[in-house]
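Colleague: Throughout the sequence shown, residue numbering follows our numbering, covering 1080 to 1731 in sequence.
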Amino acid sequence: QTFEKLLIANRGEIACRVIKTCKKMGIKTVAIHSDVDANAVHVKMADEAVCVGPAPTSKSYLNMDAIMEVIKETRAQAVSLNESICCSFLSPKIMSSLSLQASEGVTFIGPDTHAIQAMGDKIESKLLAKNAKVNTIPGFDGVVKDADEAVRIAREIGYPVMIKASAGGGGKGMRIAWDDEETREGFRFSSQEAASSFGDDRLLIEKFIDNPRHIEIQVLADKHGNALWLNERECSIQRRNQKVVEEAPSTFLDPETRRAMGEQAVALAKAVKYSSAGTVEFLVDSKKNFYFLEMNTRLQVEHPVTECITGLDLVQEMIRVAKGYPLRHKQADIPINGWAVECRVYAEDPYKSFGLPSIGKLSQYQEPLHLPSVRVDSGIQQGSDISIYYDPMISKLITYGSNRAEALKRMEEALDNYVIRGVAHNISLLREVIIHPRFVQGDISTKFLPEVYPDGFKGHRLTDLERRELLATAASLYVAEQLRSQRFLGTPRIPVAKSKRSSWELSVRLGDGIYPVVVSKDDSSFSVEVDGMKLNVTGEWNLASPLLSVTIDGTQRTVQRISRNASGDTSIQFLGTVYKLQILTKAAAELSKYMPEKTAEDTSSILRSPMPGAVVAVSVKPGDTVSEGQEICVIEAMKMQNSMIAAKTGKV
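Below, the structure is given as structure tokens:
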């Protein structure tokens, strides 16, 4: 026996994830959506769908009055809440609304309001953790009143400190401060982000543990006093305090530390009479000392890696617990079978601060589900819009293997086979992370990205051999296309010999270099001479497909041709990074020497936003004199605030 109808107060991939399990369990679903999400995937998947307001989350997905009305209209027996509502449980309006619905027989999929309120407030949760004998980070346990008090507390604790929203989550409303000035600035931005994202601007301050790992424990508890820990997830690869790559288990934990963390996580869950799936997050130092960070009272984004190694469907377990059933498993039944890795695929430009949001329409979209042991949790499809109103996540890409090396190899292949057009995306960064020697060896921390890329991410750095492979692939692709043009249209752009074996002299521009290339063709392959080295290139030259499987001297590569034009300009995704090339005939290469170089635009007098967003504050007016580094305005994009500063001293 289960619920007949469940309302999902969420959007995107997590809404789709809940709907899939509900279908498996025979539960009808109701989706809510904003007006701009009317054609979203979760709306199409659900049995019913109701619009609850305009695009801004505060007027739609956080519009509790509208959501409660939909619950009544559709007669939903249960409700799955979104992250921001869970993080806003201290709101009297939300508390009263939920209490009212609970009294009318509506069940919420998740823990009760007491547990969410206790764990959703970082100040209260830290005190509860201490009482439950859970290791905690030194810091100030009260609410910070203003910037002056923040500075005083930070000095008492000792720099560096972490300023974070009491009711926050997902990296929003968090700032690291190393001195008084950064503390004042961090207090301002954290309180504004917290108010915007969670409707609660209260902040706390605690000691920042430098260079830690971020490891979390998945817990599952029922209403009968039973609780389990479902092993750990390694979440140390982060940017701006938001996770990018996760895996389970962690390479760092030994069985004793894993058990100790799991037992403390369960102790905390029992202390607040927790009943559902939840996540207890820890910071772990180099000596395996671990400290409680927070407890998330919801289904985490990274839950699929736990499902892969345990075989459990966490959504199904949450629904069973909400219906009142006891857990079906004992602690001894929870295995670690194999290894799972998750990459968060975002519509972001990774070359700007490891990922600034990108918006647009997905003109082409193809998930790599044809590969073995690959799972994609997404809430979009070809034609979907990525807007400024919501999180820029495209999907969660998960691979599974019998061991870590196998899971990582499958992830590398999956990233190469993932087709995304129309928006910038972070696949190049994800691929570089998972093949980096430090990551492969398990030598990671939350500082991994800034340590490995101190000057910012620049894409894959080609070795000499890889450069030759790219040039050979581009030249072969170009000739294959010209031969196809000759067969179908009779209009090749390069001379084609009539002999069985033909040869073409080309030049390929890549970056600042122009490389002579000689391409020869026989019946089944191309022989390409680059830098005096001959490479044999074979492939299925299906020019209509976005994916091309190419074998270069026995090494198989999956490449993507992103764009091309009649002038020989082409963009190719090779080893995860998109490279711009130009194919030139011998005559065109000679003429190109006389082309004047384009001068770069002088942007020092221009303040250009690096991302789409809303201007939430302007600190200057026309006629003001500003200094280099002075704040001009604040841009909010996808719930994160960014200060725009002057590049030089001048007058507005």
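Where is the CB? At the ideal position from N, CA and C, for every residue including glycine.
Model, not experiment: these values are computed from the prediction.
Please confirm whether residue 1556 and residue 1640 have their CB atoms less than 9 Å apart.
Modeller: Yes, these two residues count as a Cβ contact at 9 Å.
Colleague: Looking only at C-alpha atoms, which of 1362, 1083 and 1560 sits nearest to residue 1291?
Modeller: Residue 1291 has its Cα closest to that of 1362, out of 1362, 1083 and 1560.
Colleague: Evaluate residue 1396 with the Cβ neighbour count: other Cβ atoms within 10 Å of its Cβ, from every protein chain shown; 16 or more gives buried, anything less gives exposed.
Modeller: Label assigned to residue 1396: buried.
Colleague: Could you work out which residue in 1235, 1278 and 1279 is closest to residue 1262 when comparing CA atoms only?
Modeller: Of 1235, 1278 and 1279, the residue nearest in Cα terms is 1235.
Colleague: Measure the alpha-carbon distance for residue 1485 versus residue 1451 and round it to whole angstroms.
Modeller: If you take the alpha carbons of residue 1485 and residue 1451, they lie about 11 Å apart.
Colleague: Among 1565, 1688, 1324 and 1343, whose alpha-carbon lies nearest the alpha-carbon of residue 1297?
Modeller: Ranking 1565, 1688, 1324 and 1343 by Cα distance to residue 1297 puts 1343 first.
Colleague: Would you tell me roughly how many angstroms separate the C-alpha atoms of residue 1734 and residue 1140, rounded to the nearest one?
Modeller: Residue 1734 falls outside the range modelled here, since the chain spans only 1080 to 1731, and no answer is possible.
Colleague: Looking at the ligand PLP, does it come within less than 8 Å of residue 1153, judged from the CB to the closest heavy atom?
Modeller: As presented, the structure is devoid of all ligands, the ligand PLP included, so that no description of it is given.
Colleague: Name the one or two DSSP bridge partners that residue 1130 has.
Modeller: DSSP lists 1112 as partners of residue 1130.
Colleague: With DSSP collapsed to three states, give me the class of residue 1731.
Modeller: The answer is coil: DSSP assigns residue 1731 none of H, G, I, E or B.
Colleague: Could you name each continuous alpha helix (DSSP H) segment of 4 residues or more that falls completely within the stretch 1209-1241, going from the start of the chain to the end?
Modeller: Here the runs fully enclosed are 1226-1236.
Colleague: In the DSSP assignment, find the unbroken alpha helix (DSSP H) run with residue 1336 in it and report its ends.
Modeller: Residues 1334-1350.
Colleague: From this set, 1624, 1107, 1116 and 1603, which residue's C-alpha is nearest residue 1090's C-alpha?
Modeller: With distances taken between Cα atoms, residue 1090 lies closest to 1116.
Colleague: Which of helix, strand or coil does DSSP assign to residue 1579?
Modeller: Residue placement at residue 1579 is flagged as unreliable, the pLDDT there being 43, under the threshold of 50; a coordinate-derived value is accordingly withheld.
Colleague: Cβ of residue 1462 within 9 Å of Cβ of residue 1441?
Modeller: Contact: yes.
Colleague: State the start and end residues of the unbroken beta strand (DSSP E) segment that holds residue 1371.
Modeller: That run of the beta strand (DSSP E) goes 1369-1375.
Colleague: Output yes or no for whether 9 Å exceeds the beta carbon distance between residue 1286 and residue 1269.
Modeller: No. Outside cutoff.
Colleague: CB-CB under 8 Å to residue 1331, same chain, minus the five flanking residues each way: which ones, in chain order?
Modeller: Correct list, in chain order: 1292, 1294, 1313, 1363, 1367 and 1521.
Colleague: Within this structure, are the beta carbons of residue 1388 and residue 1417 separated by less than 9 Å?
Modeller: For residue 1388 and residue 1417, yes; Cβs fall inside 9 Å.
Colleague: Verify whether the separation of the beta carbon atoms of residue 1223 and residue 1284 is less than 9 Å.
Modeller: Contact flag set, yes.
Colleague: Pick helix, strand or coil for residue 1464, following the three-state DSSP scheme.
Modeller: DSSP places residue 1464 in strand when its eight states are reduced to three.
Colleague: Closest to residue 1490 by C-alpha separation, out of 1504, 1501 and 1511, would be which residue?
Modeller: Among 1504, 1501 and 1511, the Cα nearest to that of residue 1490 belongs to 1511.
Colleague: Assign residue 1308 to one of two classes, buried (16 or more other C-beta atoms within 10 Å of its C-beta) or exposed (fewer than that).
Modeller: Classification for residue 1308: buried.
Colleague: Let's see if you can read the secondary structure: which residues bound the alpha helix (DSSP H) around residue 1383?
Modeller: Segment 1382-1389, the alpha helix (DSSP H) holding residue 1383.
Colleague: Give me the residue from 1476, 1698, 1393 and 1468 with the minimum Cα distance to residue 1114.
Modeller: If we check each option's Cα against that of residue 1114, 1468 comes out closest.
Colleague: Leaving out the 5 sequence neighbours to the left and right, which residues in its chain are closer than 8 Å to residue 1274 when beta-carbon positions are compared?
Modeller: Contacts found: 1280.
Colleague: Extract the residue ranges of the alpha helix (DSSP H) inside the stretch 1420-1501, only unbroken runs of 4 or more that lie entirely within it.
Modeller: With a minimum length of 4 residues, the continuous alpha helix (DSSP H) runs that stay inside the stretch 1420-1501 are 1483-1495.
Colleague: Check for me: the beta strand (DSSP E) holding residue 1196 runs from which residue to which?
Modeller: Unbroken run through residue 1196 is the alpha helix (DSSP H), 1192-1199; no beta strand (DSSP E).
Colleague: Counting only the same chain and skipping the five closest in sequence on each side, list residues whose C-beta sits under 8 Å from that of residue 1532.
Modeller: Excluding sequence neighbours, residue 1532 sits near 1433.
Colleague: Just the Cα atoms here: how many angstroms apart are residue 1353 and residue 1253?
Modeller: Roughly 26 Å separates the two Cα atoms.
Colleague: Does the stretch 1597-1611 come into contact with the stretch 1549-1568, if we say contact requires no fewer than three beta-carbon pairs (one atom in each stretch) closer than 8 Å?
Modeller: Contact holds: three or more Cβ-Cβ distances are below 8 Å.
Colleague: Name the residue from 1194, 1426, 1586 and 1653 whose alpha carbon lies nearest to the alpha carbon of residue 1541.
Modeller: For the residues 1194, 1426, 1586 and 1653, the minimum Cα distance to residue 1541 belongs to 1653.
Colleague: Would residue 1201 be called buried (16 or more neighbouring beta carbons within 10 Å of its own) or exposed?
Modeller: Classification of residue 1201: buried, given that the 10 Å Cβ count is 16 or more.
Colleague: By Cβ distance below 7 Å, which residues in the same chain neighbour residue 1632 in space, the five residues on each side in sequence not counted?
Modeller: Once the five neighbours on either side are set aside, the close Cβ partners of residue 1632 are 1614 and 1615.
Colleague: Would you check if the distance between the CB atom of residue 1301 and the CB atom of residue 1230 is smaller than 9 Å?
Modeller: No, the pair does not count as a contact, with Cβ atoms beyond the cut-off.
Colleague: Can you tell me which of 1659, 1454 and 1398 puts its alpha carbon nearest to the alpha carbon of residue 1101?
Modeller: Closest by alpha carbon: 1398.
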